[in-house]
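Take 33 as the starting number for the sequence shown in the working numbering and just add one per residue.
What follows is a single structure, written as structure tokens, with notes after it.
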Amino acid sequence: MKNIFSTILLASGLMLSAQVGINTDSPKAQLDVNGDLNLRDKIAVLDATDNTLSIGNNDQLLVSQGEGYAPIWKTLRIPEYEPNKFYLIFNNSFSDKLGVDFSYSDEPNMSASKGATFTKGTSLGSLIGFKEITGLSQNISVFSTESKAYFQFETVVQANFGSNGTTDTSIDYACGIFVDDKLINLRQNNLKANSAQYPFMTHNQIGLIGNLSKGNHKVSVACSRVGSYGDAPNRRLSVGKNTNTNINNFIAQSSLKVEVYEVPQAFNTIIN
Numbered sequence: 033m034k035n036i037f038s039t040i041l042l043a044s045g046l047m048l049s050a051q052v053g054i055n056t057d058s059p060k061a062q063l064d065v066n067g068d069l070n071l072r073d074k075i076a077v078l079d080a081t082d083n084t085l086s087i088g089n090n091d092q093l094l095v096s097q098g099e100g101y102a103p104i105w106k107t108l109r110i111p112e113y114e115p116n117k118f119y120l121i122f123n124n125s126f127s128d129k130l131g132v133d134f135s136y137s138d139e140p141n142m143s144a145s146k147g148a149t150f151t152k153g154t155s156l157g158s159l160i161g162f163k164e165i166t167g168l169s170q171n172i173s174v175f176s177t178e179s180k181a182y183f184q185f186e187t188v189v190q191a192n193f194g195s196n197g198t199t200d201t202s203i204d205y206a207c208g209i210f211v212d213d214k215l216i217n218l219r220q221n222n223l224k225a226n227s228a229q230y231p232f233m234t235h236n237q238i239g240l241i242g243n244l245s246k247g248n249h250k251v252s253v254a255c256s257r258v259g260s261y262g263d264a265p266n267r268r269l270s271v272g273k274n275t276n277t278n279i280n281n282f283i284a285q286s287s288l289k290v291e292v293y294e295v296p297q298a299f300n301t302i303i304n
């Protein structure tokens, strides 16, 4: 009788340690169910933080942590979007303290008018004399075919003019916002000499482009010195940096704010 009881216990132990298959003759796990599974009560998993069993909360999902680790409960959220409405999808700001510097020799000899040269879609490489503000060159991502991208560029422009009290000495300059090295917005201005030495001014511009293709895009800003008058050929112009110590590079630094609004087409779920 003892031998029979021992045999039964041994067989039971082997069965408990073996893989069990339901509706399959070749189970691939300790419990392999080939078919529907109906649970009438609760599922509990080991919580490794305090070695207790956790049954999770309402609307949570079991998420695998990989082989050798117990799964954990996670909350699944789906953003609520109204159809045909734009939502802010991307929002970031960038800064640059290096800036760009121009002498008179950097000024291009423009054979065509500025109106003919500075046109939307012109490639950066074909605009002679433009220098890129490297810290503002960044990549953005677009996820929808319906989008609006806004760009706000701000910087300080300074020239090392002496104090002559006249407006005869001045420099024309231009700054452009580019997407994928194509011009989407340009502003031109003029910095004049005045009664104070080393004048500077704040430069602001806003650009907009609609319906960029899905994927990654490069955003960049570049500026050029386009005209000099009076004593200006002997003077230096800087954008996003100082020419003299009455300001410093912190004051003169450039910034670029980028906002991308989209009509969502893919409702990406968020797990936290």
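The C-beta atom is built at its ideal place from N, Cα and C for all residues, glycine as well.
Within 10 Å of its beta-carbon, does residue i have 16 or more other beta-carbons around it, so buried, or fewer, so exposed?
| i | result |
| --- | --- |
| ASP128 | buried |
| ASN274 | buried |
| THR201 | buried |
| SER227 | exposed |
| VAL52 | exposed |
| THR187 | buried |
To the nearest angstrom, how far is it from the Cα of residue i to the Cα of residue j?
| i | j | result |
| --- | --- | --- |
| VAL271 | ILE209 | 14 Å |
| GLU328 | GLU294 | There is no way to answer for residue 328, as the model of the chain reaches only from 33 to 304. |
| THR277 | ALA284 | 11 Å |
| VAL189 | ILE203 | 11 Å |
| ASP64 | TYR119 | 45 Å |
| GLY242 | HIS249 | 13 Å |
| ASN280 | PHE232 | 11 Å |
| LEU71 | THR166 | 59 Å |
| SER169 | ASN217 | 15 Å |
| ASP82 | ALA76 | 14 Å |
| ASN123 | PHE185 | 14 Å |
| GLN92 | TYR113 | 21 Å |
Is residue i helix, strand or coil when you go by DSSP?
| i | result |
| --- | --- |
| ILE165 | coil |
| THR149 | helix |
| GLY272 | coil |
| ASP204 | strand |
| ILE87 | coil |
| GLY131 | coil |
| LEU93 | strand |
Just to check my reading of the structure: residue i and residue j have Cβ atoms closer than 8 Å, yes? What is that Cβ distance to the nearest angstrom?
| i | j | result |
| --- | --- | --- |
| PHE126 | SER287 | 7 Å |
Going by beta carbon distance, what residues of the same chain come within less than 6 Å of residue i, once the five residues before and after it are set aside?
| i | result |
| --- | --- |
| LEU78 | ALA102 |
| THR154 | LEU215 |
For residue i, which residues from the same chain have a beta carbon less than 8 Å from its beta carbon, with the 5 sequence-adjacent residues on both sides left out?
| i | result |
| --- | --- |
| SER96 | PRO103 |
Are any of the Cβ atoms in chain C nearer than 9 Å to that of residue i?
| i | result |
| --- | --- |
| ILE172 | Among the chains of the structure shown, chain C does not appear; only one protein chain is present. |
Regarding residue i and the ligand SAH, is the C-beta to nearest heavy atom distance less than 8 Å?
| i | result |
| --- | --- |
| ASN281 | In the structure on display, the ligand SAH does not appear, and there are no ligands present to speak of. |
Identify, in the order they occur along the chain, each residue of the same chain with its Cβ nearer than 7 Å to the Cβ of residue i, setting aside the five sequence neighbours on each side.
| i | result |
| --- | --- |
| ILE160 | PRO140 |
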